[in-house]
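Chemist: Numbering (our numbering), first residue to last: 33 to 466.
Ideal placement from N, C-alpha and C gives every residue a C-beta, glycine not left out.
These numbers come from a predicted model, not from an experiment.
The structure follows.
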Amino acid sequence: MQLKLQALNGFKDILPGDVELWQFVETIARSVFARFDFSEIRLPILEPTELFARSIGETTDIVEKEMYTFVDKKITMRPEATASLIRAYIEHGLYVQKPVQRLFTIGPMFRHERPQKGRLRQFHQMDAEVLGSQNPRIDAELMAMGAMLLQELGVSVSLELNSLGCPECRPAYRLQLQTFLTERFDTLCDDCKRRSSTNPLRVLDCKNPRCRAQVQAAPSILEHLCSACGQHFEEVQAGLGQLGVQYSLNKFMVRGLDYYTRTTFEFITTDLGAQAAVGAGGRYDGLIEQLGGPKGVPGIGFAMGMERLVLLLQQSAGGDALGRLCPDLFIAALGQAASDFCFGLAHELRSAGLRVAMDLEGRSLKSQMKQADKTGASWVLIIGEDEMKNSQGLLRNMKNQEQQQVELKAGTLKSLLQTRYIDGTEFSVKKILS
RNA sequence: GUGGGCGUAGCUCAGUAGGUUAGAGCACCUGGUUGUGGCCCAGGAGGCCGUGGGUUCGAGUCCCAUCGCCCACCCCA
């Protein structure tokens, strides 16, 4: 209470009890990514400020006011992963090694926004990106992968799909939209009045009811795609259909980063308050070239918000069903001699591969039994003066209260513990560890 | 950056019209069992009542300021 040092606003510790949920999310994600032949790439958190300015867009909110930047050094803590990933892709010439790269990365991102539910200043994303293919099947496959990941996590979300066109068709549409908005300028909210000149597409996803009503009649980008974009979008949808991915078209969906082209999508939930997007992404066919990479190399990717996934898991019924890993054995030592001996025995058992817990504080047997119970250990090895005399330990099965005398040798103990009981069923330790 | 709400034990919260040493449940520790967990019982530890100032004989309670957190706008994963 007197402690003045505390985590910064918008920065959170992930404590034991919650961390298991995070590990679950990561484990499932890695499994799904592997099945789709994605390789992990690990990227630095600090990058040149210019990298984000040039990719995300000089006039986006992220770049204008949300980045953690060391101004004097011109470096910034990454607010998203795609830019870094492409930087690495170009820097190491990954496009030479393999024409189509499938990469994923997991880690913290930083944006100086006002924290609220599902939104922190340090937050974590899982990113998957495919570089080097404009094939619409890649788009479909990527969305299918996201859907599979979410399904295996057990969270239910809906997928919304749109196309933003390309430099061929978007400018003309943008102009037409701008004209439409200008005609209704007075009915728009203040934000949208500003947006209608700077970034008219953003007006489309304004939450203000009056703006929404106006925008219903606005020209749709989907009806103004050039033939190439139109066909691409058709094939993306055909791919989704073939893979059995449910989705709905949302012609008002706009992404907040400037680099998106053609396919954009969001995985949406209604269970997170104001933060509806659990995952989102899209195609960015011009970005690699724009950052100094090879000409014409396209890309597409998505990011999932891990805090949001964890929140959904916590809110759903099965959220707390994920137990912690329990020790195989708890050693209860009584008296100095036994304690000295067990200190070494625990180490031997640990190096033999067992998960061993022990109390080093010299507490009463009753207290140690309580601790053992709390850790969930399946077995307790009791060693006191009597046991030390005849070199026999007392091994108690915590599930059925049976006790037996055992030889105090690591090898013997290990083989005795090769079986344990979970919900009445016998499992081999090795099977569980593998 | 703009609103609104809330700060009392590790956690969740009581605290009556300002009035003795500030409470409960959970969690923690010890004991009831000279060496045996879950349940139960008894005891214990743990609070400058976010911080600073003011009003008052007296402030957790009223006033002001300040800091912190939460939710929403905005933005986004």
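Measuring CB to CB, does Gly333 end up less than 8 Å from Ala160?
Modeler: Cβ distance < 8 Å, so Gly333 and Ala160 count as in contact.
Chemist: So, at 8 Å on beta carbons, what are the nonlocal neighbours of Gly351 in its own chain, with the 5 sequence-adjacent residues on each side left out?
Modeler: Since pLDDT at Gly351 reaches only 48, below the 50 mark, its modelled position is unreliable, and the value read off the structure follows with that caveat. Here the set comprises Leu53, Leu345.
Chemist: Where do the ends of the beta strand (DSSP E) carrying His156 lie?
Modeler: Segment 154 to 163, the beta strand (DSSP E) holding His156.
Chemist: Return the CA-CA distance between Glu419 and Gln450, expressed in angstroms with no decimal places.
Modeler: Spanning the two alpha carbons is a distance of roughly 22 Å.
Chemist: So who's on the other strand from Gly425, going by DSSP bridges?
Modeler: Its beta-bridge partners are Val438.
Chemist: Use the C-beta contact count for His379: other C-beta atoms within 10 angstroms, 16 or more gives buried, fewer gives exposed.
Modeler: With fewer than 16 Cβ atoms within 10 Å of its Cβ, His379 is classed as exposed.
Chemist: Would you say the region 97 to 108 touches the region 38 to 55, given that touching needs at least three Cβ pairs under 8 Å?
Modeler: Flag = no, the region 97 to 108 and the region 38 to 55 do not touch.
Chemist: Of the residues Leu386, Arg387, Ile414, which one's Cα is nearest the Cα of Ser399?
Modeler: Here the closest residue by C-alpha is Ile414.
Chemist: Indicate the three-state DSSP secondary structure (helix, strand or coil) for Thr108 in the structure shown.
Modeler: In the structure shown, Thr108 sits in a strand (DSSP, three-state: E or B).
Chemist: Assign Thr295 to one of three DSSP states: helix, strand, or coil.
Modeler: DSSP places Thr295 in strand when its eight states are reduced to three.
Chemist: With DSSP as the reference, please indicate the residues paired to Gln55 in a beta bridge.
Modeler: The partner list for Gln55 (beta bridge, DSSP) is empty, contrary to what the question assumes.
Chemist: For Tyr291, which of Gly425, Glu72, Leu75, Ile118 has the nearest alpha-carbon?
Modeler: Checked all of Gly425, Glu72, Leu75, Ile118; the closest Cα to Tyr291 is Ile118.
Chemist: Start and end of the alpha helix (DSSP H) containing Thr114?
Modeler: Its alpha helix (DSSP H) spans residues 114 to 123.
Chemist: Kindly list the residues whose CB is nearer than 8 Å to the CB of Lys225, restricted to its own chain and excluding five residues on each side of it in sequence; keep chain order.
Modeler: Closer than 8 Å at Cβ, skipping near neighbours: Phe217.
Chemist: How many angstroms separate the CA atom of Ala389 from the CA atom of Phe373?
Modeler: Distance between the alpha carbons of Ala389 and Phe373: 15 Å.
Chemist: Could you compute how far the alpha carbon of Gly394 sits from the alpha carbon of Gly49?
Modeler: Rounded to the nearest angstrom, the two C-alpha atoms are 27 Å apart.
Chemist: Kindly indicate which residue of Gly178, Val412, Cys243 has the alpha-carbon position closest to the one of Asp222.
Modeler: Nearest C-alpha to Asp222: Cys243.
Chemist: Would Thr296 and Gly314 be called neighbours here (beta carbons separated by less than 8 Å)?
Modeler: Result yes, Cβ atoms of Thr296 and Gly314 sit closer than 8 Å.
Chemist: By DSSP, does Val468 sit in helix, in strand, or in coil?
Modeler: The first residue shown for the chain is 33 and the last is 466, placing residue 468 beyond what the model contains.
Chemist: If we count the other Cβ atoms within 10 Å of its Cβ and call it buried at 16 or more, is Ala249 buried or exposed?
Modeler: Flag for Ala249 reads exposed.
Chemist: Assuming Gly197 and Cys261 form a contact by the criterion Cβ under 8 Å, report the distance between their Cβ atoms to the nearest whole angstrom.
Modeler: Going by Cβ atoms, the distance from Gly197 to Cys261 rounds to 5 Å, so yes, they are a contact pair.
Chemist: Within 10 angstroms of the Cβ of Glu417, are there 16 or more other Cβ atoms? Answer buried if so, exposed if not.
Modeler: Answer is exposed; the Cβ neighbour count stays below 16.
Chemist: Please name the residue in Ser87, Leu448, Asn240 whose C-alpha comes closest to that of Asn429.
Modeler: When each option's Cα is compared against that of Asn429, the closest is Leu448.
Chemist: Using three-state DSSP, classify Ser188 as helix, strand or coil.
Modeler: The answer is coil: DSSP assigns Ser188 none of H, G, I, E or B.
Chemist: Check whether the Cβ atoms of Thr407 and Pro359 lie closer than 8 Å to each other.
Modeler: Yes; because the gap between Cβ atoms is below 8 Å, this pair is in contact.
Chemist: What number of angstroms, rounded off, separates the C-alpha of Ile46 from the C-alpha of Cys258?
Modeler: Looking at the two C-alpha atoms, the distance is approximately 48 Å.
Chemist: Hey, Thr230 and Thr92: beta-carbon distance below 8 Å or not?
Modeler: Result no, Cβ atoms of Thr230 and Thr92 do not sit closer than 8 Å.
Chemist: Assign Phe375 to one of two classes, buried (16 or more other C-beta atoms within 10 Å of its C-beta) or exposed (fewer than that).
Modeler: So Phe375 ends up on the exposed side.
Chemist: Just checking my contact of Val277 with Met175 at CB under 8 Å: how many whole Å lie between their CB atoms?
Modeler: Right, the Cβ-Cβ distance comes to about 6 Å (below 8 Å), so this counts as a contact.
Chemist: In angstroms with no decimal places, state the Cα-to-Cα distance between Ser116 and Pro251.
Modeler: Their Cα atoms are separated by approximately 35 Å.
Chemist: Can you tell which of Ile94, Leu126, Thr59, Phe56 has its C-alpha closest to the C-alpha of Ile320?
Modeler: For the residues Ile94, Leu126, Thr59, Phe56, the minimum Cα distance to Ile320 belongs to Leu126.
Chemist: Considering only residues of the same chain and omitting the five flanking positions on each side of Arg387, which have a CB-CB separation below 6 Å?
Modeler: So the qualifying residues of the chain are Pro359, Asp360.
Chemist: Considering Cα atoms alone, identify which of Val235, His256, Tyr205 is closest to Met285.
Modeler: Answer by Cα proximity: Val235.
Chemist: Indicate whether His264 and Arg287 have their beta-carbon atoms separated by less than 8 Å.
Modeler: Cβ distance not < 8 Å, so His264 and Arg287 don't count as in contact.
Chemist: In whole angstroms, give me the CA-to-CA distance for Ala467 and Val51.
Modeler: Since the displayed the chain opens at 33 and closes at 466, residue 467 lies outside it and no answer follows.
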